[in-house]
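Here the sequence shown is numbered in my numbering, starting from -11 and rising by one per residue.
Using N, Cα and C, we set each Cβ at its ideal position, and we do this for glycine too.
It should be emphasised that the depicted structure is a prediction, and the values quoted were computed from it without experimental measurement.
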Amino acid sequence: MLSAGEDSTTTATNIEDIEVGDLVWARNESTGEEGFKPVVRLFHKSADTLVHLSYRREPGARGTGARSASDGSDSEEGGDAEDGDGQSGSISGTTEHPFWSVTRNNWVPMGELKAGERLLLAGSQTATATAIRIEHLATPVTVFNFEVADWHTYHVGTNDTGWVFVHNKCVFRGGAFRDLAKSGRIHRHHLPANKAIHVTTRGEGPAIQMLKSDHINTSSYGSPDYVQRIEKLLNKDQWRKAFAMEIRDVRRVARESANPRRYNSAIREMMAYSRKLGLPLGR
-11 MLSAGEDSTT TATNIEDIEV GDLVWARNES TGEEGFKPVV RLFHKSADTL
39 VHLSYRREPG ARGTGARSAS DGSDSEEGGD AEDGDGQSGS ISGTTEHPFW
89 SVTRNNWVPM GELKAGERLL LAGSQTATAT AIRIEHLATP VTVFNFEVAD
139 WHTYHVGTND TGWVFVHNKC VFRGGAFRDL AKSGRIHRHH LPANKAIHVT
189 TRGEGPAIQM LKSDHINTSS YGSPDYVQRI EKLLNKDQWR KAFAMEIRDV
239 RRVARESANP RRYNSAIREM MAYSRKLGLP LGR
């Protein structure tokens, strides 16, 4: 990814070599402003499925070159890449990692990108996805991600082929509703439904992050009847059944969006948080 080198210019850094405090080239999703932002947290996990994305920079697009960490200006070191016509590149990642689709004007999980889809590059340039290949691994591999302060985005690729705009929310999180980050595309989903649980405040309530497109398809989203069913279970002190019902519903939504494991990690974190709260999950 595009990060700040020791001489205050941009440099290409392998994701596994990124450390907390490193500066990476980020973009404000709402305003389009670009600049360096610090890495505040590191993640790693095992993955048994990878996505291999091939893309081609669109005619007229140019590399961002090296940029100063202090003023954002182009530096002589590195410089702009040659005209991007015909320049092709490839990126490998996990199925759930969000890429910005110019075509859909939305974040799209890497595994759901389509050939022909237009992607956003650093410097507001664009590229076209030329091929998407899903690889199922016999032996899981370790994959890495990190959290970026403020804008929660960074760029991956090369200076020759362009730096592709991605979100740092590869791993959906679980925990207290108030502690989970949200954006226009990432919603927070209470488990159980907030209107059904009465032993915690809204902010303390167990929750997970979900894509907006998935959240609106959960049974509790705008369905009073479903929420009442959950509430009845909780009133009968049947916590385990209520949680199981909600988790099955989230996994149903994930299956329907062709990524059945998307929220597994978030669910595990949410359950661990619920136990710390002392919720009677054994009942």
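Neighbourhood of Ile122 by C-beta, 7 Å cutoff - its chain only, sequence neighbours within 5 removed: On the sequence shown, position 134 is the one that residue 122 refers to. Excluding sequence neighbours, Ile122 sits near Thr37, Val39 and Gly99.
Rounded to a whole number of angstroms, what is the C-alpha to C-alpha distance between Pro97 and Phe160? Counted from its first residue, the sequence shown places residue 97 at position 109. Counted from its first residue, the sequence shown places residue 160 at position 172. Each residue's Cα considered, the two are about 12 Å apart.
Assumed close pair His155, Trp227 - CB separation to whole angstroms, cut-off 8 Å: Counting from 1 along the sequence shown, the entry for residue 155 is found at position 167. Counting from 1 along the sequence shown, the entry for residue 227 is found at position 239. The pair is not a contact, with the Cβ atoms about 34 Å apart (cut-off 8 Å).
Which parts of the region 0 to 43 are runs of the beta strand (DSSP E), unbroken and 3 residues or longer, counting only runs that do not cross its ends? 11 to 15
Close beta carbons around Gly163, own chain, < 6 Å, minus the five adjacent residues each side: Walking along the sequence shown from the start, residue 163 turns up at place 175. For Gly163, where only same-chain residues beyond five positions count, the Cβ hits under 6 Å are Glu257 and Tyr261.
Going by beta carbon distance, what residues of the same chain come within less than 6 Å of Asn2, once the five residues before and after it are set aside? Translated into the one-based positions of the sequence shown, residue 2 becomes position 14. Result list for Asn2: empty, nothing under 6 Å.
How many angstroms separate the CA atom of Trp139 from the CA atom of His85? Numbered from its first residue, the sequence shown carries residue 139 at position 151. Numbered from its first residue, the sequence shown carries residue 85 at position 97. When rounded, the distance between both Cα atoms is 16 Å.
Would you be able to state if there are at least three C-beta pairs under 8 Å between the region 196 to 209 and the region 229 to 239? yes
With Phe231 as the anchor, note down where its alpha helix (DSSP H) starts and where it stops. The residue labelled residue 231 in the question sits at position 243 within the sequence shown. First-last of the alpha helix (DSSP H) with Phe231: Trp227 to Glu244.
Suppose the cutoff is 8 Å on Cβ atoms and the five residues either side in sequence are ignored; what does the same chain contact list for Ala169 look like? Against the sequence shown, residue 169 aligns to sequence position 181. Cβ within range, chain order: His140, Lys157, Arg161 and Gln197.
Excluding the 5 residues flanking Leu221 on each side, which residues of the same chain have their C-beta closer than 6 Å to its C-beta? Against the sequence shown, residue 221 aligns to sequence position 233. Excluding residues within five positions, the ones whose Cβ falls inside 6 Å are Lys229 and Ala230.
I need the straight-line Cα distance from Ser253 to Glu135, nearest angstrom please. By 1-based counting over the sequence shown, the position of residue 253 is 265. By 1-based counting over the sequence shown, the position of residue 135 is 147. Their Cα atoms are separated by approximately 16 Å.
Is the beta carbon of Ala181 sitting closer than 8 Å to the one on Val152? On the sequence shown, position 193 is the one that residue 181 refers to. On the sequence shown, position 164 is the one that residue 152 refers to. The answer is no: Cβ separation not under 8 Å.
Taking only three categories from DSSP, how would you classify Ala110? Residue 110 sits at position 122 when you count from the first residue of the sequence shown. Note: Ala110 maps to helix in three-state DSSP.
8 Å CB neighbourhood of Gly266 in its chain, flanking five on each side removed: Residue mapping note: residue 266 aligns to position 278 of the sequence shown, counting from 1. If we look at Gly266 and ignore the five residues flanking it on each side, it has no Cβ neighbours.
Would you give the residue range spanned by the alpha helix (DSSP H) that His203 belongs to? The residue given as residue 203 occupies position 215 in the sequence shown. Per DSSP, His203 belongs to the alpha helix (DSSP H) from Lys200 to His203.
Arg190 versus Asn223: straight-line alpha-carbon distance, rounded: Numbered from 1 along the sequence shown, position 202 holds the residue referred to as residue 190. Numbered from 1 along the sequence shown, position 235 holds the residue referred to as residue 223. Taking the straight line joining both Cα atoms gives about 18 Å.
Grab me the residues of Val187's own chain with a C-beta within less than 8 Å of its C-beta, minus the 5 sequence neighbours each way, in chain order. Residue mapping note: residue 187 aligns to position 199 of the sequence shown, counting from 1. The residues are Leu267.
Per-residue DSSP class, three states only, for Asn147: Residue mapping note: residue 147 aligns to position 159 of the sequence shown, counting from 1. In the structure shown, Asn147 sits in coil (DSSP, three-state: anything other than H, G, I, E or B).
Can you round the beta-carbon distance between Thr149 and Gly77 to whole angstroms, since I take them to be within the 8 Å contact cut? To locate residue 149, count along the sequence shown from 1; it is residue 161. To locate residue 77, count along the sequence shown from 1; it is residue 89. Their Cβ separation, rounded to whole angstroms, is 3 Å, which keeps Thr149 and Gly77 in contact under 8 Å.
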